[in-house]
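Visitor: I'd like to ask you about the structure that follows.
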Amino acid sequence: MDLSHIFNSKKILRVSFYAVLFSLLSFSANSQEHATADTAHEPATAEHGEVAEKDEDISKVILHHIADSHEWHFFGNISIPLPVILLTDKGLVTFLSNKFGHNDHGTEIIDVAGTQLVNYHGKFYYPSKVKSADGTYISYDAKGELLNGKPLDVSMTKNVVSLLISAIVLLIVFIGIANSYKKREGKAPKGLQSILEPVILFVRDDIAKPQLGHKYKGFMPYLLTIFFFVWLNNLMGLVPFFPGGANLSGNIAVTMMLALCTFVLTTVNGNKNYWGHVFTPHVPWWLYPLIIPVEIIGLFTKPIALMIRLFANITAGHILVLSLISLIFILKSVFVAGVAIPFVLFISVIELVVGFIQAFIFTILSALFISMAIEEKYAEH
Amino acid sequence: MILLALNPLVSPDPGLFIWSTVTFLILFFLLSKFAWKPIVKALDERERSIEDALSKAEMAKAEMAKLISENEDLLKEARLERDSILKEAKEIKDQIVNDAKDLAKSEGAKLIEKAKIEITNQKLAAMAEIKNQVSSLSIEIAEKVLRKQFEDQGKQQALVNDLLKEVKLN
């Protein structure tokens, strides 16, 4: 592929980043698995049980920090309640998340305008008819799957608020820049304009132009939007306090939406040549039954890879930082901070780079997929 | 899919998916219309104007060089012309001087000739005058001498005798 010239220089750097990140991630994932296995197998032993419980708490805390939430937690008991919006089978239900207390163990039925709900681990379910043995209104089947029904949750969660904040920031910044371009027509850039102009030019000259050639202009708005959206959210996710810390670009629903946008764009823009490659590939006809399914799967693996790459990278970074900080609590010594904090700092700095690189990779791959879809017929190979 | 369902991290939340799709699409349309379009246009225009300016500067430079070489040519030509004019002038001057000299010489020669002729004429005239004077003087003198001589009759006789003697000899 003609990608090599772009990646050659950055490849080694990227690969080494990945190696470090994934090895560390798999390490922490392994230890987590180990911890949960411990709790599953040896809950009876008292001292083991205590350690295991602690470990499980830590991994719960980490997952809680990464996951979405109905409130924006600051510290201690201080948090902003966010509106909950549920499309239940009885109609729309809205309330502030702190209206019914903070019980998320599923032991308390809440009644909102005639709709019975139960909050279980931050999610709202319809309660079971009878209380289970553990005191919750949640019931499982034999395979361990939840039986409770669930209303469609379109609440303004932490991620949604963060999403709106980032959208507003992007709008203010870039419309402001656009205005200063209009105001200072033909003059040298100034202030914010001069900070972001190189980045815009980077997207144009190093992402759009090499991939899309002379057709780059039509796709510039999409590529710029996606680049700055991913980048800003990556950076906001690294800020540990409001308005950051929401792990939006590490949420699979968001990366799925972004990947889907690229997928829709490639599919809509796909020309005869592109679909020809899928349905009439340049192979002997008797290979068609093998190649055509592969090509069709290939259509979907590209966006799925996009989705998982961004999600895994950003989530991995967050897990790493949280795990390193949790070391202080796991080892129950404040002196661990002397080791953990420099490590956290180191990883955070890497994450700053990763935030940019992932935005770059997402954008360049989107551009590449689009270019594959709009590529004119070239010489047979 | 079972794996997806197991971990809450990797199960996409439909609510967030809806929110993010709507927000992203609105963001995309607003940004494309109000931000990217003017920004990309302004960048393109500025680049074009810079390129224009550069090519214009290049052209101006070429023009300048051309002008300079033209000027130099002109200067050279002018210098050559000046030299040739000077040369011509010198020639003309020399000629004039020579002509003048020749003229002066010939004129001088003519004058001298005239003067000589005049001088000769004058000389001749003077000579003639002198001759006349001398002859009249000598006649006077001769008259006086003769008068003195011939106051004495004897002497007149002697002379006549002498003259007669001479005639006889011849």
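Here the protein sequences come in this chain order: A and B. In this text, residue positions in the first sequence follow this note's numbering: the first is 760, and each later residue adds one. In this text, residue positions in the second sequence follow this note's numbering: the first is 30, and each later residue adds one. Ideal placement from N, C-alpha and C gives every residue a C-beta, glycine not left out.
(1) Is the beta carbon of A:G1003 sitting closer than 9 Å to the one on A:M1016?
(2) What does DSSP give as the partner residues of A:H864 in its beta bridges?
(3) Mind listing the chain B neighbours of A:E944? Cutoff is C-beta to C-beta under 9 Å, in chain order.
(4) Could you pull out every residue in the same chain whose Cβ sits closer than 8 Å to the Cβ of A:K942, ignoring the five residues on either side in sequence?
(5) Let me know if A:T1039 comes out buried or exposed under the rule of 16 or more other beta-carbons within 10 Å of its beta-carbon.
(6) Measure the C-alpha to C-alpha separation of B:K70 and A:V1113 and round it to an integer number of angstroms.
(7) Using 9 Å as the limit for Cβ to Cβ distance, is B:A64 near chain A?
(8) For chain A, find out if any of its Cβ atoms is closer than 9 Å to the Cβ of B:L83; answer yes or no.
(9) Give, in chain order, every residue of the stretch 894–920 of chain A whose Cβ lies closer than 7 Å to some Cβ of chain B.
(10) Cβ of B:T50 within 9 Å of Cβ of A:A926?
(11) Can you list the residues of chain B that A:F1001 reaches, using a CB-CB cut of under 7 Å?
(12) Quick check: what's the CA-CA separation for A:L997 versus A:I924?
(13) Please classify A:P886 as buried or exposed, where buried requires at least 16 other C-beta atoms within 10 Å of its C-beta.
(14) A:T874 touches chain B at which residues, Cβ-Cβ below 7 Å?
(15) Within 9 Å (strictly less), CB to CB, does B:L96 reach chain A?
(16) Does the ligand MN have a heavy atom nearer than 8 Å to the CB of B:D128?
(17) Alpha helix (DSSP H) containing B:I114: first to last residue?
(18) If you draw a straight line from the C-alpha of A:A1132 to the C-alpha of A:K968, how long is it?
(19) Which chain D residues sit within Cβ distance under 9 Å of A:L983?
(20) Classify A:W990 as buried or exposed, calling it buried when 16 or more other Cβ atoms lie within 10 Å of its own Cβ.
(21) Counting only beta-carbon atoms, is A:F1121 nearer than 9 Å to chain B?
(22) Given a cut-off of 9 Å on the beta-carbon distance, is the pair A:I1073 and A:A1018 in contact?
(23) Nearest chain B C-beta to A:M1015 closer than 9 Å, yes or no?
(24) Report the CB separation of A:A1099 from A:I1084 in whole angstroms; it is logged as a contact under 8 Å.
(25) Quick check: the stretch 947–962 of chain A against the stretch 1025–1045 of chain A, are there 3 or more CB pairs under 8 Å?
(26) Indicate whether at least one CB of chain A lies closer than 9 Å to the CB of B:S113.
(27) Please decide whether A:R1068 counts as near chain B, where near means a Cβ-Cβ distance under 9 Å.
(28) For a test of the three-state rule: what should DSSP assign to A:V871, helix, strand or coil?
(29) If you reduce the DSSP assignment to three classes, tell me which class A:H973 lands in.
(30) By the 10 Å Cβ neighbour count, where 16 or more other Cβ atoms means buried, how is B:L193 classified, buried or exposed?
(31) Under 7 Å Cβ to Cβ from A:N993, same chain only, skipping five residues before and after it: list those, please.
(32) Just the C-alpha distance for A:P910 and A:F883, rounded to the nearest angstrom, thanks.
(33) Looking at the structure shown, is A:T895 part of a helix, part of a strand, or coil, going by DSSP?
(34) Could you tell me the alpha carbon to alpha carbon distance between B:E74 and A:L1065, rounded to whole angstroms?
(35) Taking the alpha helix (DSSP H) that B:L38 falls in, what are its first and last residues?
(36) If you scan the stretch 896–930 of chain A from start to end, which runs of the beta strand (DSSP E) of 3 or more residues do you find wholly inside it?
Guide: The relevant details are as follows:
(1) Stepping through the first sequence from its first residue, residue 1003 of chain A is reached at position 244. Stepping through the first sequence from its first residue, residue 1016 of chain A is reached at position 257. Going by C-beta atoms, A:G1003 is not nearer than 9 Å to A:M1016.
(2) Along the first sequence, read from residue 1 onward, the residue named residue 864 of chain A stands at position 105. Beta-bridge partners assigned by DSSP to A:H864: A:Y879.
(3) Position 185 of the first sequence holds residue 944 of chain A. Result: A71, E74 and R75.
(4) Taking the first sequence and counting its residues from 1, one reaches residue 942 of chain A at position 183. Cβ neighbours of A:K942 beyond the five flanking positions: none.
(5) Within the first sequence, numbered from 1, the residue matching residue 1039 of chain A stands at position 280. That one is exposed.
(6) Position 41 of the second sequence holds residue 70 of chain B. Position 354 of the first sequence holds residue 1113 of chain A. Cα to Cα, B:K70 sits roughly 30 Å from A:V1113.
(7) Residue numbering aside, residue 64 of chain B sits at position 35 when the second sequence is read from its first letter. At a cut-off of 9 Å, the C-beta of B:A64 has a neighbouring C-beta in chain A.
(8) Taking the first residue of the second sequence as position 1, residue 83 of chain B is located at position 54. Contacts with chain A at 9 Å (Cβ-Cβ) do not include B:L83.
(9) Near chain B, meaning a CB-to-CB distance below 7 Å, the residues of the stretch 894–920 of chain A are L911, D912, V913, S914, T916, N918 and V919.
(10) Residue numbering aside, residue 50 of chain B sits at position 21 when the second sequence is read from its first letter. Residue numbering aside, residue 926 of chain A sits at position 167 when the first sequence is read from its first letter. Not in contact: B:T50 and A:A926 (Cβ atoms no closer than 9 Å).
(11) To locate residue 1001 of chain A, count along the first sequence from 1; it is residue 242. Within 7 Å Cβ-Cβ: nothing; A:F1001 doesn't reach chain B, min ~18 Å.
(12) On the first sequence, position 238 is the one that residue 997 of chain A refers to. On the first sequence, position 165 is the one that residue 924 of chain A refers to. C-alpha separation (whole angstroms): 15 Å.
(13) Against the first sequence, residue 886 of chain A aligns to sequence position 127. With 16 or more Cβ atoms within 10 Å of its Cβ, A:P886 is classed as buried.
(14) For the purposes of this step, residue 874 of chain A is identified with residue 115 of the first sequence, where counting begins at 1. Chain B residues near A:T874: none, gap ~17 Å exceeds 7 Å.
(15) Along the second sequence, one-based indexing puts residue 96 of chain B at 67. Output row for B:L96: interface = no.
(16) Looking for the ligand MN in the displayed structure turns up nothing, as the structure carries no ligands at all.
(17) In the second sequence, the residue the question calls residue 114 of chain B occupies position 85. Unbroken alpha helix (DSSP H) run through B:I114: K66 to Q178.
(18) Numbered from 1 along the first sequence, position 373 holds the residue referred to as residue 1132 of chain A. Numbered from 1 along the first sequence, position 209 holds the residue referred to as residue 968 of chain A. Straight-line spacing of the CA atoms in A:A1132 and A:K968 works out to 15 Å.
(19) Given the protein chain composition of this structure (A and B), no chain D is represented.
(20) Against the first sequence, residue 990 of chain A aligns to sequence position 231. A:W990 comes out buried.
(21) Here the question's residue 1121 of chain A lines up with position 362 in the first sequence. Chain B, which has no Cβ nearer than 9 Å to the Cβ of A:F1121, makes this no.
(22) Start at 1 with the first residue of the first sequence, and residue 1073 of chain A comes out as number 314. Start at 1 with the first residue of the first sequence, and residue 1018 of chain A comes out as number 259. Taking 9 Å as the Cβ cut-off, A:I1073 and A:A1018 do not qualify as a contacting pair.
(23) By one-based count along the first sequence, residue 1015 of chain A stands at place 256. Answer yes: the Cβ-Cβ gap between A:M1015 and chain B drops below 9 Å somewhere.
(24) Within the first sequence, the letter at position 340 stands for residue 1099 of chain A. Within the first sequence, the letter at position 325 stands for residue 1084 of chain A. Contact annotation, A:A1099 with A:I1084: C-beta distance approximately 6 Å; criterion of less than 8 Å satisfied.
(25) Cβ pair count under 8 Å is below three, so no.
(26) Counted from its first residue, the second sequence places residue 113 of chain B at position 84. So, not an interface residue.
(27) To locate residue 1068 of chain A, count along the first sequence from 1; it is residue 309. No, its Cβ sits nowhere closer than 9 Å to a Cβ of chain B.
(28) As a first step, residue 871 of chain A must be located in the first sequence, where it is residue number 112. A:V871 falls in the strand class under three-state DSSP.
(29) Here residue 973 of chain A is taken as the residue at index 214 of the first sequence, counted from 1. Residue state, collapsed to three classes: helix.
(30) Translated into the one-based positions of the second sequence, residue 193 of chain B becomes position 164. Under a 10 Å Cβ-count criterion, B:L193 is classified as exposed, with fewer than 16 other Cβ atoms of the shown protein chains found around its own Cβ.
(31) For the purposes of this step, residue 993 of chain A is taken as the residue at position 234 of the first sequence. Within the same chain, Cβ atoms closer than 7 Å to the Cβ of A:N993 are found at S1008, I1073, G1114, Q1117 and A1118, the five residues on either side in sequence being excluded.
(32) Taking the first sequence and counting its residues from 1, the one referred to as residue 910 of chain A is at position 151. Taking the first sequence and counting its residues from 1, the one referred to as residue 883 of chain A is at position 124. One C-alpha to the other measures close to 7 Å.
(33) Here residue 895 of chain A is taken as the residue at index 136 of the first sequence, counted from 1. If DSSP states are grouped into helix, strand and coil, A:T895 belongs with coil.
(34) Taking the second sequence and counting its residues from 1, one reaches residue 74 of chain B at position 45. Taking the first sequence and counting its residues from 1, one reaches residue 1065 of chain A at position 306. For B:E74 and A:L1065, the gap between their C-alpha atoms comes out near 34 Å.
(35) Within the second sequence, numbered from 1, the residue matching residue 38 of chain B stands at position 9. For B:L38, there is no enclosing alpha helix (DSSP H), as DSSP marks it with neither H nor E.
(36) The DSSP assignment places no complete beta strand (DSSP E) segment of no fewer than 3 residues inside the stretch 896–930 of chain A.
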